[in-house]
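Engineer:
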Amino acid sequence: MDFVSQRALVGGSTQGIGRAVAEELARRGATVTLLARNEARLHEAVAALPTPAGQQHDFIVADFSYPDQLQQQVQMYLAAHPAGFDILVNNTGGPAGGPILDAPIEAFRAAFEQHLVCNHLLAQALVPGMRQRQYGRIINIISTSVKQPLPGLGVSNTIRAAVGNWAKTLATELAADGITVNNVLPGATVTQRHTSLIEKKTEQTGQTTEQVEAAMLKGIPAGRFGQAPEVAAAVVFLASEAAGYITGINVPVDGGRTGNL
Numbered sequence: 574m575d576f577v578s579q580r581a582l583v584g585g586s587t588q589g590i591g592r593a594v595a596e597e598l599a600r601r602g603a604t605v606t607l608l609a610r611n612e613a614r615l616h617e618a619v620a621a622l623p624t625p626a627g628q629q630h631d632f633i634v635a636d637f638s639y640p641d642q643l644q645q646q647v648q649m650y651l652a653a654h655p656a657g658f659d660i661l662v663n664n665t666g667g668p669a670g671g672p673i674l675d676a677p678i679e680a681f682r683a684a685f686e687q688h689l690v691c692n693h694l695l696a697q698a699l700v701p702g703m704r705q706r707q708y709g710r711i712i713n714i715i716s717t718s719v720k721q722p723l724p725g726l727g728v729s730n731t732i733r734a735a736v737g738n739w740a741k742t743l744a745t746e747l748a749a750d751g752i753t754v755n756n757v758l759p760g761a762t763v764t765q766r767h768t769s770l771i772e773k774k775t776e777q778t779g780q781t782t783e784q785v786e787a788a789m790l791k792g793i794p795a796g797r798f799g800q801a802p803e804v805a806a807a808v809v810f811l812a813s814e815a816a817g818y819i820t821g822i823n824v825p826v827d828g829g830r831t832g833n834l
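Numbering (our numbering), first residue to last: 574 to 834.
Next up, the structure:
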């Protein structure tokens, strides 16, 4: 679990799970490049990353709502940093909640671009370097809805499943090159998105925050919500050399909530 001399690109890394992943990789010696849209938050987050091996972390400013911009920014970065990356962590905020029948077509198009298309563009940019080194780790942070659709998250359920199948296909194609591709599926984890979903539920039902949370906790055998560092721990393991023979799998980190194998 030593990442000294390895480089990692982590998406959505100014807050929540993405930031927890970046911090844990940095703590274990990786040089981390943060990828997000808010430059002010990126400056703050990169300055807070641990540097036990004297790393020089940096960041790329790009908005996943604009895939062409993302592609351009990453290609410019790689041109200036030809060493490339050993680890890619695909992560971005989830689509808005709501019944699937109420979702406008544009919501599906936007989510498809923000998640699957952007993941694909990042893989296309980074995999050639990984192939040259015959080593790489791609971890996609998705959702337990890949295995079991979640009520009230129609667009998310649809797009997350597409990303899961994209990742499985990619894992098969890259395995012979020493590159693994795996998915981490967070359950109810304390993040800004988690808070916003609870707030929306309280507005829809008229219940208190405490009542909404209590109802959610009834479906979690562990009896509590997850924390971002707990999800990060699974990501970091899959990014390690120790996980070299693990590829093409989904790893729920959900306190036992998912009701199937």
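Built from N, CA and C at the ideal position, the CB exists for glycine as well.
#1: Pick from Pro759, Asp631 and Ala684: whose alpha carbon is nearest that of Thr658?
#2: Quick one: is Lys720 buried, meaning 16 or more other Cβ sit within 10 Å of its Cβ, or exposed?
#3: So which of Gly709, Arg797 and Ala652 has the shortest CA-CA distance to Asp750?
#4: Using CA atoms only, rank isn't needed, just tell me which of His767, Thr762 and Phe681 is closest to Leu729.
#5: Between the region 739-747 and the region 760-772, do three or more beta carbon pairs fall short of 8 Å?
#6: Near Arg830, what residues of its chain come up, given a Cβ to Cβ distance below 6 Å and the 5 sequence neighbours on each side ignored?
#7: Mind the definition here: the region 587-594 touches the region 607-620 only if three or more C-beta pairs lie below 8 Å; say whether that holds.
#8: Under 8 Å Cβ to Cβ from Thr717, same chain only, skipping five residues before and after it: list those, please.
#9: Near Cys691, what residues of its chain come up, given a Cβ to Cβ distance below 6 Å and the 5 sequence neighbours on each side ignored?
#10: Among Leu661, Ala795, Ile714 and Ile752, which residue has its Cα nearest to the Cα of Gln705?
#11: Buried or exposed: which applies to Thr624, given that a residue is buried once 16 or more other Cβ atoms fall within 10 Å of its Cβ?
#12: With a 10 Å radius around its C-beta and 16 neighbouring C-beta atoms as the bar for buried, classify Ile678 as buried or exposed.
#13: Please say whether Ile732 and Asn664 have beta carbons closer to each other than 8 Å?
#14: Quick check: the region 648-656 against the region 665-672, are there 3 or more CB pairs under 8 Å?
#15: Check whether the Cβ atoms of Arg601 and Ala656 sit closer than 8 Å, and answer yes or no.
#16: Do Glu596 and Leu615 have their C-beta atoms within less than 8 Å of each other?
#17: According to DSSP, is Val690 part of a helix, a strand, or is it coil?
#18: Please return the same chain residues whose Cβ sits closer than 7 Å to the Cβ of Gly585, not counting the five positions on each side in sequence.
#19: When burial is assigned at 16 or more other CB atoms within 10 Å of the CB, is Thr604 buried or exposed?
Structural biologist: The answer reads as follows:
#1: Checking the sequence shown, residue 658 turns out to be Phe, not Thr. Comparing Cα-Cα distances from Phe658 to each of Pro759, Asp631 and Ala684, the minimum goes to Asp631.
#2: Around the beta carbon of Lys720, 16 or more other beta carbons lie within 10 angstroms, which makes this residue buried.
#3: Comparing Cα positions, the closest option is Gly709.
#4: Residue 729 is actually Ser in this sequence, not Leu. Of the listed residues, the one whose Cα sits closest to Ser729 is Phe681.
#5: Too few Cβ pairs lie closer than 8 Å, so no.
#6: Residues Gly760, Gly792 and Ile793 of the same chain have their beta carbon placed closer than 6 Å to that of Arg830, with the five preceding and five following residues left out of the count.
#7: Using a Cβ-Cβ distance cut-off of 8 Å, the region 587-594 and the region 607-620 are in contact, since at least three pairs of beta carbons, one from each stretch, lie closer than that value.
#8: Cβ-Cβ distances below 8 Å link Thr717 to Leu723, Leu758, Pro759, Gly760, Pro825, Asp827, Arg830 and Thr831 in the same chain, with the five nearest sequence neighbours on each side left out; the list follows chain order.
#9: So the list reads Phe637, Pro640 and Leu643, once near-sequence residues are dropped.
#10: Of the candidates Leu661, Ala795, Ile714 and Ile752, the one whose C-alpha sits nearest the C-alpha of Gln705 is Ile752.
#11: Taking a 10 Å sphere around the C-beta of Thr624, we find fewer than 16 other C-beta atoms and assign the residue as exposed.
#12: Under the 10 Å beta carbon count, Ile678 is surrounded by fewer than 16 other beta carbons and is classified as exposed.
#13: Inclusion of Asn664 and Ile732 in the CB contact set at 8 Å is not warranted, their separation being larger than that value.
#14: No contact exists between the region 648-656 and the region 665-672.
#15: Cβ distance not < 8 Å, so Arg601 and Ala656 don't count as in contact.
#16: Taking 8 Å as the cut-off, the Cβ atoms of Glu596 and Leu615 do not count as close.
#17: When DSSP states are grouped into helix, strand and coil, Val690 belongs to the helix group.
#18: Taken in chain order, the residues that qualify are Gly591, Ala609, Asn664, Thr665 and Gly666.
#19: Thr604 should be labelled buried.
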